[in-house]
């Protein structure tokens with residue numbers, strides 16, 4: 004309240020020569036600045052739309068890896084200190100997540116992102132890294148929360164990778180197409196797949212929300228463009 008009062012006093016001094024005006028303090032509180040130098044809080048009606056606020060970047064607990072930190076890089080050819088066409092041995096030397104399994108052409112790691120268990124799969128061809136698959140496990144009971152998380156994360160990826168080269172809402176059944184509030188549910192039963200794509204000089208990036216049998220998966224994939232190298 005001290006911060007609000009201090010801000011209001013300064014705003015009142017600045018606006019006292021003008022008719023009544025609405026001002027917003029640093030914490031988002033709305034006040035009415037009156038021409039006589041006094042002020043009062045603006046009461047919110049239940050049906051009054053709220054001022055939009057910029058979403059805060061999700062916080063991670065100590066020891067966790069933010070998905071933004073996971074994907075942010077000077078170029079999309081670098082990923083967690085890993086570069087395209089590294090050998091399995093080279094990837095194992097630089098990747099510090101928990102190794103869960105190793106196949107002839109794969110390395111499977113597990114790590115925590117935003118408190119969610121995430122599987123990180125490195126895929127190789129002729130012992131050269133060509134693809135990376137991130138599967139994010141989110142224990143939401145409401146399927147619409149997956150859809151909301153997808154949209155929020157997409158908004159964070161855009162400043163990193165730029166405007167998407169393609170966004171696709173693929174409907175196999177259009178029953179809920181006109182009701183956006185049910186799109187999360189539609190994805191959970193396989194009616195909707197939402198894909199956002201970026202292309203850089205070296206990498207194709209795909210961010211996909213899909214599902215079936217009331218189970219939703221959120222995946223982020225990177226693929227080397229010159230995989231035939």
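In the working numbering, the protein residues as written are 4 to 232.
Here a beta-carbon is modelled for each residue, glycine too, at the ideal position from N, C-alpha and C.
Please read all numbers here as calculations on a predicted model, not as lab measurements.
Measuring straight from C-alpha to C-alpha, what distance separates residue i and residue j?
| i | j | result |
| --- | --- | --- |
| residue 192 | residue 215 | 4 Å |
| residue 200 | residue 144 | 27 Å |
| residue 194 | residue 149 | 15 Å |
| residue 151 | residue 186 | 10 Å |
| residue 141 | residue 147 | 12 Å |
| residue 209 | residue 86 | 18 Å |
| residue 113 | residue 99 | 10 Å |
| residue 161 | residue 139 | 19 Å |
| residue 105 | residue 217 | 30 Å |
| residue 83 | residue 129 | 22 Å |
| residue 103 | residue 91 | 14 Å |
| residue 225 | residue 137 | 9 Å |
| residue 48 | residue 180 | For residue 48, the predicted model reports a pLDDT of 44, less than 50, meaning its position is unreliable and no value from the coordinates is stated. |
| residue 170 | residue 206 | 17 Å |
| residue 229 | residue 127 | 13 Å |
| residue 74 | residue 95 | With a pLDDT of only 48 at residue 74, under 50, the local geometry of the prediction cannot be trusted, and the value read off the model is given with reservation. Answer to the nearest angstrom: the Cα atoms are 18 Å apart. |
| residue 107 | residue 97 | 19 Å |
| residue 182 | residue 172 | 14 Å |
| residue 56 | residue 189 | With a pLDDT of only 38 at residue 56, under the threshold of 50, the placement of this residue in the model should not be trusted; the figure read from the coordinates follows. Those two C-alpha atoms are separated by around 28 Å. |
| residue 176 | residue 166 | 28 Å |
| residue 120 | residue 174 | 28 Å |
Pop quiz: residue i and residue j are said to be a contact at Cβ under 8 Å. What is the actual Cβ separation, rounded to whole angstroms?
| i | j | result |
| --- | --- | --- |
| residue 227 | residue 133 | 5 Å |
| residue 178 | residue 197 | Contact doesn't hold; Cβ gap of about 16 Å is too wide. |
| residue 109 | residue 125 | 7 Å |
| residue 131 | residue 164 | That pair is no contact at about 24 Å. |
| residue 168 | residue 135 | With 8 Å as the limit, residue 168 and residue 135 do not qualify as a contact, their Cβ atoms being about 18 Å apart. |
| residue 111 | residue 93 | Actually they are not in contact, since the Cβ atoms of residue 111 and residue 93 sit about 17 Å apart, beyond 8 Å. |
Which of helix, strand or coil does DSSP assign to residue i?
| i | result |
| --- | --- |
| residue 179 | coil |
| residue 150 | helix |
| residue 74 | Here the model assigns residue 74 a pLDDT of 48, short of 50, so the residue's position is not dependable and the matter cannot be decided. |
| residue 192 | coil |
| residue 187 | helix |
| residue 98 | coil |
| residue 156 | helix |
Does chain D have any CB closer than 9 Å to the CB of residue i?
| i | result |
| --- | --- |
| residue 193 | No chain D is part of this structure, which consists of one protein chain only. |
What does residue i pair with, by DSSP beta-bridge criteria?
| i | result |
| --- | --- |
| residue 226 | 134, 207 |
| residue 125 | 110, 135 |
| residue 218 | 215 |
| residue 197 | 172, 212 |
| residue 104 | 111 |
| residue 202 | 207 |
Between the stretch 148–157 and the stretch 213–227, do three or more beta carbon pairs fall short of 8 Å?
yes
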